[in-house]
Ligand SMILES: Cc1cc2nc3c(=O)[nH]c(=O)nc-3n(C[C@H](O)[C@H](O)[C@H](O)COP(=O)(O)OP(=O)(O)OC[C@H]3O[C@@H](n4cnc5c(N)ncnc54)[C@H](O)[C@@H]3O)c2cc1C
Ligand code: HEM
Ligand code: SF4
Ligand code: F3S
Ligand code: FES
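Residue numbers (this note's numbering), protein chains in the order written: chain Z, 630 to 757; chain L, 42 to 163; chain U, 621 to 861; chain F, 131 to 699.
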């Protein structure tokens with residue numbers, strides 16, 4: 630018997646209001662973006678070996694536009710979000726803060742925001 | 042009541058990938074912080090072939106980046122595997138193949154990555 | 621007399637196509653207070669006898685009447701109009717479960733999974749003549765999981781269940797925890813395979829919808845996390861509990 | 131057509147315990163239940179289960195004999211003494227067994243099962259799991275039933291027995307998930323369908339506690355016993371009648387009237403709030419009738435505040451939740467408005483100590499049965515015990531009778547016939563449809579009649595008026611219309627078809643009560659205020675004569691150990 634054969638109600642409804650639900654969705658998306666980036670990143674770095682200093686530097690030149698710096702920041706925020714939410718999850722795995730997980734989430738997000746603003750300040754000082 | 046328990050039997054994996062994900066998560070957390078601070082914070086906008094070489098000359102940074110590479114490849118691909126499993130895309134038939142492909146991709150990525158880094162080290 | 625407006629999702633396989641969205645509206649008069657379950661009975665008795673829903677204890681202990689009421693998992697019997705801050709009471713069956721009729725979901729998979737984790741005390745040593753001694757501190761560890769009424773709300777709310785039919789789900793895992801943590805249980809090897817796999821505890825991504833959904837305010841996540849750590853303790857350090 | 135050696139109807143404590151026992155003896159047993167066994171009404175029991183374990187510091191010299199004495203005295207000497215002794219001597223064993231099976235009883239510091247004082251008991255001997263004892267016991271037995279791989283047909287509603295040559299050979303049931311009637315044949319049947327609280331509009335019982343099983347047996351010719359003895363629990367929530375466990379008073383709760391006085395001092399100066407239920411319910415009702423309810427209204431207060439938050443949270447967390455959710459009152463801060471409510475049917479299918487009835491192959495256990503351990507008034511904590519003790523005994527007796535005996539032959543023809551009969555009945559009801567009598571109107575009138583005319587205090591004239599109404603309702607039952615026939619999960623079908631049985635049981639209560647011209651236990655007559663052992667130390671047996679009506683006769687009470695004396699607390 631497959632559960633999927635019969636009618637089910639309100640598919641898609643559920644607890645979209647729950648912090649945990651959103652946190653998890655964003656976590657998953659950020660993780661997948663990072664996996665994609667990881668491969669791009671390795672490929673970019675390998676240009677150094679493949680094409681030598683010239684190719685590599687032309688890549689960096691290409692990246693040196695404000696928009697791409699902005700993309701870089703987006704990347705950093707994805708890492709920060711994923712990392713700090715990841716910290717929350719590892720803490721929960723260790724049995725820490727399961728009942729206070731929402732609080733822990735927001736504390737982590739504040740830390741992530743602080744770290745991100747450091748990077749952003751640095752990046753803007755560079756662009757401006 | 043119709044019982045479906047036989048469908049549940051014989052599932053593999055479990056704790057080790059799960060634990061691996063946590064351990065690599067912690068490793069990545071440490072190494073990526075170093076990596077990010079060095080590249081995206083201190084050196085943002087000043088990246089160049091030589092600049093990278095200068096940092097990597099330290100040796101410790103090479104170790105950091107290699108650990109990061111290994112850990113993040115495992116972590117990322119295992120994460121990908123979890124997502125794919127959740128959406129049921131790797132049903133029992135394709136599972137072995139899927140896992141094998143991930144291992145191959147992972148090993149290839151690590152080897153390729155280290156090979157690429159060696160542009161600066163050597 | 622004050623009146624309550626009900627907006628109820630209907631489903632009848634002999635009448636509705638799959639995915640059909642049929643809602644019926646009813647007006648229920650009441651005196652001073654009204655629970656959703658009382659409202660459903662009023663409708664069934666006086667307005668539409670064909671309405672189907674589960675009921676039994678009407679005192680929030682049997683777990684029959686879990687439903688999706690104004691966008692929240694609730695026990696119909698425990699939900700008073702005063703708890704629902706809305707002009708219209710929208711009553712729907714629990715999401716993501718196969719339907720039997722109207723507000724009645726098919727719970728057979730839910731119970732099959734419950735059975736799968738061997739939800740009974742397992743002992744190897746012969747039973748003593750009197751009770752098996754258990755300290756109040758050890759007994760306290762059971763306080764949370766034994767209050768589960770198997771209503772299925774957590775199961776219905778868990779995204780890991782939505783995406784994977786074979787995930788055994790928060791309620792069954794909570795039961796596994798309830799026995800693994802019991803000082804009297806000795807099923808170290810027998811029960812563990814049922815939850816220590818990727819369709820068991822590790823399929824839980826600590827999303828915590830189950831905690832939000834549980835009408836008894838239990839915390840399945842806590843139990844599941846305990847299980848994961850118990851597996852690590854057993855494999856890596858050889859500890860039984 | 132499914133066939134099993136033994137069919138147990140009802141997945142409450144009694145049914146589960148019977149099935150688990152028979153299964154251990156290697157019998158092919160199936161449970162049929164209207165709700166998943168884990169949802170049975172037993173789960174609502176709160177306070178605890180009695181057994182002379184002598185774990186309590188103040189009860190170390192407690193014995194099963196003393197427990198038996200309390201039970202018999204509590205019953206106002208109407209209990210069969212051999213049955214009471216059987217139950218109390220089995221008690222410690224079955225409790226330890228439940229512990230071995232994992233039931234999470236609360237514990238004393240030394241690790242032993244905790245016990246608390248309960249009404250009418252000379253010693254604190256009520257074992258408990260916080261205030262959710264029934265829930266824990268029930269889930270424990272559900273777990274055991276799964277372990278023993280007992281077949282469970284869940285959400286099937288039994289409507290009649292299949293009898294062949296006077297012996298019970300199975301049941302016919304409406305399968306709610308599949309839709310439609312089905313015969314389940316067997317070599318023996320155990321009925322364990324619980325109480326009939328829903329005969330009353332003010333009851334603590336579950337909505338499915340309609341006495342269905344007892345009515346099915348009664349219609350099939352098995353007599354029901356002592357039906358006039360209806361227990362009223364002193365403390366049901368005022369608006370919803372949901373139970374506030376006796377444990378609340380066991381832990382030290384006070385009953386307080388509108389004048390702020392602990393009025394129990396007037397009625398049971400020694401036992402105070404822990405007097406037996408019949409006495410406490412009457413005391414509260416008297417207070418209310420004499421205008422000393424809270425604000426002159428028809429309720430009094432159960433005050434727990436002096437126990438303190440910690441004790442309430444630890445020992446009575448469920449009570450607190452119920453009071454908050456259903457009455458909007460937090461017992462830590464406010465007293466709880468309560469009123470006496472119908473709570474327990476002492477009477478039921480007449481059985482011996484092994485669950486046997488007059489019909490071969492047909493057994494009964496639990497609240498639907500009357501072994502006669504509760505007599506005219508049940509003590510708190512004794513009925514959970516009854517379900518497990520006599521569930522176990524009937525399971526064992528049925529298994530012993532079945533073991534080594536060849537099956538009773540093929541009865542599928544009788545099964546098919548029984549299903550056809552049932553379908554014909556439903557078709558007839560459905561043909562009347564909305565033109566027939568409204569079953570819900572009849573139900574509402576019946577339950578209020580029972581509440582008003584056969585309540586805590588009874589009196590000849592009042593009861594005769596009530597009987598008159600019931601007889602009229604019974605006539606209207608013959609014209610009931612069913613507005614929704616067939617289909618899956620047809621609530622209308624269930625609630626309509628069970629109605630006639632409910633009215634018939636109400637009639638047994640009414641007749642038994644009118645004829646019994648004495649006051650005994652829960653049966654309190656203002657016109658006959660004293661007990662009359664001379665004429666009434668006997669069980670009322672109600673028979674359902676073919677063609678309708680109610681025929682009463684009487685059966686002696688088994689005495690022999692404890693001499694009847696006046697009940698004082
Ligand atoms: C609120 C409350 C609190 C209580 N607290 C205590 C206490 O603290 N201590 C104590 O000793 N006693 C207590 N009691 C009494 C005790 O709980 C019951 O007497 C006992 O649980 C009855 O158990 P049972 O197995 O006979 O029936 P139930 O548990 O009522 O089970 C009946 C079963 O029969 C099934 N059934 C019914 N009709 C049909 C049908 N037609 N077809 C198929 N299946 C059917 C139902 O699905 C159910 O599974 C309490 C009772 C109430 C109402
Ligand atoms: C920076 C530190 C990081 C931490 C602390 C961390 C932590 C975690 C944890 C704990 C999980 C497991 C979640 C679960 O089991 O449900 C996880 C999943 C995942 N991680 Fe990371 N991670 C980090 C970095 C990364 C990086 C750099 C990548 C990209 C390569 C990545 C990709 C993923 C993916 C794809 C998943 C699966 C997502 C899911 O199942 O929802 N993570 N991470
Ligand atoms: S954990 Fe809560 S939501 Fe889940 S089945 Fe148990 S009581 Fe229901
Ligand atoms: S919602 Fe599901 S994923 Fe885990 S924490 Fe609860 S079981
Ligand atoms: S009817 Fe039992 S929980 Fe609502």
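Even for Gly, the Cβ is constructed at its ideal location relative to N, Cα and C.
- Excluding its 5 nearest sequence neighbours in each direction, residue 711 of chain Z has C-beta neighbours in its own chain below 8 Å: 656, 659, 660, 663, listed in chain order.
- Check the Cα spacing between residue 278 of chain F and each of U:786, U:741, U:755, U:765: the tightest is with U:741.
- Short of 7 Å from the beta carbon of residue 112 of chain L, and not among the five residues preceding or following it, lie these beta carbons of its own chain, in chain order: 65, 68, 69, 72.
- Beyond the five residues adjoining it in sequence on each side, residue 503 of chain F comes within less than 6 Å, by CB distance, of 209, 213, 214, 217, 516 in the same chain, given in chain order.
- Remark: C-beta atoms of residue 199 of chain F and residue 692 of chain F approach each other more closely than 9 Å.
- Between the region 838 to 847 of chain U and the region 814 to 826 of chain U there are three or more inter-stretch CB-CB distances shorter than 8 Å, so the stretches are counted as touching.
- Taken in chain order, the complete alpha helix (DSSP H) segments of 4 residues or longer contained in the region 69 to 100 of chain L are 90 to 97.
- In the structure shown, the three-state DSSP call for residue 614 of chain F is coil.
- The contact set of residue 174 of chain F on chain U, defined by CB atoms closer than 8 Å, consists of 677, 679, 681, 682 in chain order.
- Under DSSP, residue 138 of chain F forms a beta bridge with F:161, F:320.
- Of all residues in the region 99 to 126 of chain L, the ones placed with a Cβ closer than 9 Å to any Cβ belonging to chain U are 123, 126, in chain order.
- For residue 603 of chain F, same chain residues with a beta-carbon under 7 Å away, outside a window of 5 residues either side, are 572, 575, 576, 633 in chain order.
- The beta carbon of residue 481 of chain F sits closer than 6 Å to the beta carbons of 487, 494, 499, 501 from its chain, once the five residues preceding and following it are set aside; these are given in chain order.
- Annotation for residue 654 of chain Z: the continuous alpha helix (DSSP H) segment containing it runs 648 to 692.
- Burial is judged here by how many other beta carbons sit within 10 angstroms of a residue's own beta carbon; residue 735 of chain Z has fewer than 16 and is exposed.
- With respect to chain F, the C-beta atom of residue 738 of chain U has a partner C-beta closer than 9 Å.
- Contacts between residue 855 of chain U and chain L, judged by CB atoms closer than 7 Å, involve 56 in chain order.
- Look at residue 698 of chain U: its beta carbon is less than 8 Å from one of the heavy atoms in ligand 5.
- For residue 473 of chain F, the secondary structure class from DSSP, reduced to helix, strand or coil, is strand.
- Excluding sequence positions up to five before and after residue 450 of chain F, its CB lies within less than 8 Å of the CB of 442, 443, 460, 461, 462, all in the same chain and listed in chain order.
- Close to residue 671 of chain U, with beta-carbon spacing below 8 Å, are these residues of chain F in chain order: 621.
- Proximity of residue 144 of chain L to chain U, defined by a Cβ-Cβ separation below 9 Å, is not satisfied.
- Under the Cβ criterion of 9 Å, residue 512 of chain F is not counted among the residues facing chain U.
- Here residue 360 of chain F is buried: its Cβ has 16 or more other Cβ atoms, across all protein chains shown, within 10 Å.
- Counting other Cβ atoms within 10 Å of its Cβ, residue 605 of chain F stays below 16 and is therefore classed as exposed.
- Residue F:202 holds the alpha-carbon nearest to the alpha-carbon of residue 250 of chain F among F:276, F:297, F:424, F:202.
- The three-state reading of DSSP puts residue 761 of chain U in coil, since its state is none of H, G, I, E or B.
- In this structure, DSSP gives residue 483 of chain F a state outside helix and strand, which the three-state scheme calls coil.
- Within chain U, 783 have C-beta atoms less than 7 Å from the C-beta of residue 128 of chain L, given in sequence order.
- For residue 60 of chain L, the chain U residues whose C-beta falls within less than 9 Å of its own C-beta are 848, 851, 852, 855, 856, listed in chain order.
- Shown here, residue 687 of chain U sits in a strand according to DSSP, grouped into three states.
- Per the C-alpha coordinates, the member of F:654, F:132, F:170, F:153 positioned closest to residue 496 of chain F is F:170.
- Counting along the chain, residue 492 of chain F sits inside the beta strand (DSSP E) bounded by residues 492 to 494.
- As far as DSSP is concerned, residue 737 of chain Z takes part in no beta bridge.
- The DSSP-derived three-state label of residue 386 of chain F is strand.
- Fewer than three pairs of CB atoms, one per stretch, sit closer than 8 Å, so the region 774 to 783 of chain U makes no contact with the region 251 to 267 of chain F.
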